[in-house]
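Peer 1:
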Amino acid sequence: LSLLLFLFIVGSSAGDEYGAQLDEYMKSRAEEARRESLKAYKDNPEDVAEQFNQLVSDSLIGANSTRRDLRGVGGGCRATNPIDRCWRCDNDWAKNRKKLADCVRGFGHDTTGGKNGRYYLVTDPSDNDMANPKPGTLRHAVIQKEPLWIIFAHSMIIRLNQELIFTSHKTIDGRGVQVHIANGAGLTIQFVTNVIIHNIWIHNIAPAGGGMIRDSIDHIGLRTMSDGDAISIYGSSRVWIDHVSLSKAYDGLIDAIQGSTAITISNCKFNHHNDVMLLGAHDDNPGDAIMQVTVAFNRFGIGCIQRMPRVRWGFVHVVNNDYQHWELYAIGGSAHPTIISQGNRYRASDYRYTKEVRNPNYSLSPLPPKSHRKTQNLQVTKRDYAPKSEWSKWKWRSEGDFFMNGAFFTQSGSPFSVGTKPLTKRNVIKYKPGTYVGRLTRNAGAMKCRKGSYC
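Per mature numbering (1 follows the signal peptide of the UniProt record, and there is no 0), the sequence shown runs over residues -15 to -1, 1 to 440.
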């Protein structure tokens, strides 16, 4: 309780720092979002991580039992992780879309998005009016005050002229069509709760100039230039990003900052990007200590350089992801975050001259010039702004990971525990080793689902 009280005070004072940029409506929304984040915070995150491990184990036990179980109702479905097995093998998924909201696992497990609302059909890909969005557009959908499950009438490319600002209790569901958010601004989840983003492509995202933008039915406000993130999560909670393909943004592909928590990022595919995922933006913001994020079943592929993720302050469970290669490092952090890596597959780069082991006592923060990126090392981890005497106390643990091409994970801190008990060998088998990752992530990214057939 004392920690939560401290973080609420810190969050309130942090709000004062940028309060000059917020009108009274947004200040009120920020305070409500902080209360929701504190409610979503788990006192014992190790238990959540262990529950996730048990679900992974159970799903693969079922998958190994018979080929009929593996294929599911559709006769050819090969969903092998617990999130996908919850819905993908149902031929009638299009008639029961909201079942998806029952499938989230990890720290975002309470996320329901627009499950308790009506469907909203997006028919128009245009984005021309920031002050009074046209009905039938995605921008008009996300600013409604009521819960909504947003679907699309047909495949479309949406070029956002300004950042797309969400209200709470929304699901974007791109199944059955191909929806690309491309060649414009990105998505902003700021001071809200309960958002699902599922099965869309987001790429070639650029900063937008800002201006007067409507962020709800009853409010329009002045926005400064956006950063150029594909998805920006700011002071928000209960967010699930699943089966999204992301590449080529000006800044980050996914950023979660300013006390955001209760987040699951799953089954996504990341390609062609430098700063892939940032969890916590500033070492001097202890409000991010409540950040709890699950990163599971994702594929970090071609052209990913660093930050998969890069963490400050919070607790991050990195489980059964496929790191196909990286140019600088895979997982980094500062400000003593807790990072639990379980059952991932880490493959260092195949490129010649990209395997130089640096001094393990210190890590340099600035991104080297492009011409010097070949000095990347085999080490998965990178710690910033701290000598070994300090970072050796940070809890960064690796269990069941599979290392290829000379990759290695430098552990630190005390062993990972569930409650007060250390993980035993029996507990380790509850998640699947990194050798299973190819199966668990085979369908990462947005999928081309067809109505009337398993996805």
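Ideal Cβ positions, reconstructed from N, Cα and C, are used throughout, including at glycine.
1) Considering Cα atoms alone, identify which of Ala215, Asp200, Asn184, Ile174 is closest to Ile190.
2) Taking all protein chains shown into account, do 16 or more other C-beta atoms lie within 10 angstroms of the C-beta of Met293, making it buried, or fewer, making it exposed?
3) Taking DSSP as the reference, what is the three-state secondary structure of Trp379?
4) Label Met276 either buried or exposed according to how many other C-beta atoms from any shown protein chain fall within 10 Å of its C-beta, with 16 as the threshold for buried.
5) DSSP state of Arg63, grouped into three classes?
6) Are three or more beta carbon pairs between the segment 200 to 213 and the segment 226 to 233 nearer than 8 angstroms?
7) Here's a check: name, in chain order, each residue in its chain whose Cβ is nearer than 7 angstroms to the Cβ of Asn168, leaving out the five neighbours to either side.
8) From this set, Asn329, Ser334, Ile198, Thr178, which residue's C-alpha is nearest Arg124's C-alpha?
9) By the three-class DSSP mapping on this structure, what secondary structure does Ala241 have?
10) Using 8 angstroms as the threshold, is the segment 280 to 298 in touch with the segment 96 to 110, meaning 3 or more CB pairs across them?
11) Quick one: using the 10 Å Cβ neighbour count with 16 as the cut-off for buried, is Ala138 buried or exposed?
12) Could you tell me the distance, in whole angstroms, from the CA atom of Lys340 to the CA atom of Asn390?
13) Going by DSSP, which residues form a beta bridge with Phe388?
14) Report yes or no: do three or more beta-carbon pairs, one from the segment 59 to 70 and one from the segment 142 to 162, lie closer than 8 angstroms?
15) Counting only runs that start and end within the segment 150 to 226, where is the beta strand (DSSP E) found for 3 or more residues in a row?
16) Three Cβ pairs or more, each shorter than 8 angstroms: is that satisfied between the segment 414 to 430 and the segment 365 to 372?
17) What is the DSSP secondary structure of Met11, counted as helix, strand or coil?
18) Among Trp225, Gln243, Leu106, Asn270, whose alpha-carbon lies nearest the alpha-carbon of Ser251?
19) On the three-state DSSP scale, how would you describe Lys436?
20) Under a three-way DSSP split, which group does Ala25 fall into?
21) Quick check on the burial criterion: 16 or more other C-beta atoms within 10 angstroms. Buried or exposed for Asn259?
22) Among Gln243, Pro120, Thr156, which has the Cα closest to the Cα of Arg82?
23) From Ile248, Asn329, Ala392, pick the residue whose C-alpha is nearest to that of Ala25; which is it?
24) Which one of Ile166, Trp72, Gly91, Arg208 has the shortest CA to CA distance from residue 458?
25) Straight-line CA distance for Val107 to Cys434?
26) Let me check one thing: in DSSP terms, what residues is Asp109 bridge-paired to?
27) Can you tell me which residues form a DSSP beta bridge with Asn256?
28) For the alpha helix (DSSP H) that Arg424 lies in, which residues bound it at each end?
29) What first and last residue would you give for the beta strand (DSSP E) that runs through Val304?
30) Considering Cα atoms alone, identify which of Asp158, Lys380, Asn117 is closest to Ile136.
31) Quick check on Trp72: does DSSP put it in helix, strand or coil?
Peer 2: With the structure as the only source:
1) Closest option to Ile190, Cα to Cα, is Ala215.
2) The residue in question, Met293, is buried, as its Cβ has 16 or more Cβ neighbours within 10 Å.
3) Three-state DSSP puts Trp379 in coil, outside helix and strand.
4) With 16 or more other Cβ atoms inside 10 Å of its own Cβ, Met276 counts as buried.
5) Arg63 carries a coil assignment under DSSP once its states are collapsed to helix, strand and coil.
6) Output reads no: the segment 226 to 233 does not touch the segment 200 to 213.
7) So the qualifying residues of the chain are Arg144, Asn189.
8) Of all alpha-carbon atoms in Asn329, Ser334, Ile198, Thr178, the one lying nearest the alpha-carbon of Arg124 is that of Ile198.
9) DSSP, reduced to helix, strand and coil, places Ala241 within a strand of the structure shown.
10) A contact is defined here as three or more CB-CB pairs under 8 angstroms, and the segment 280 to 298 fails this definition with respect to the segment 96 to 110.
11) Flag for Ala138 reads exposed.
12) Its pLDDT being 38, under 50, Lys340 is placed unreliably in this model, and the value from its coordinates should be taken loosely. Whole-angstrom Cα-Cα distance: 10 angstroms.
13) In the DSSP output, where bridge partners are listed per residue, Phe388 has Tyr331.
14) Because the criterion of three Cβ pairs below 8 angstroms is not met, the segment 59 to 70 and the segment 142 to 162 do not touch.
15) Inside the segment 150 to 226, DSSP marks whole beta strand (DSSP E) runs of 3 or more residues at positions 155 to 158, 164 to 167, 172 to 175, 178 to 183, 186 to 190, 196 to 201, 204 to 208, 216 to 219, from first to last along the chain.
16) Judged by Cβ distances under 8 angstroms, the segment 414 to 430 makes no contact with the segment 365 to 372, as fewer than three pairs qualify.
17) Note: Met11 maps to helix in three-state DSSP.
18) It is Trp225 whose Cα lies nearest to the Cα of Ser251.
19) In the structure shown, Lys436 falls within a coil segment according to DSSP collapsed to helix, strand and coil.
20) In the three-state reduction of the DSSP assignment, Ala25 falls in the helix class.
21) Asn259 is buried by the Cβ-count criterion.
22) Relative to the Cα of Arg82, the nearest Cα in the group Gln243, Pro120, Thr156 belongs to Thr156.
23) Distance from the Cα of Ala25 is smallest, within the candidate group Ile248, Asn329, Ala392, for Ile248.
24) With the chain covering only -15 through 440, there is no way to say anything about residue 458.
25) So the two alpha carbons sit approximately 18 angstroms from each other.
26) Asp109 is bridged by DSSP to Thr122.
27) Per DSSP, Ser232.
28) 422 to 425 is the extent of the alpha helix (DSSP H) around Arg424.
29) Segment 300 to 304, the beta strand (DSSP E) holding Val304.
30) Among Asp158, Lys380, Asn117, the Cα nearest to that of Ile136 belongs to Asp158.
31) Assigned with DSSP and collapsed to three states, Trp72 falls in coil, not helix or strand.
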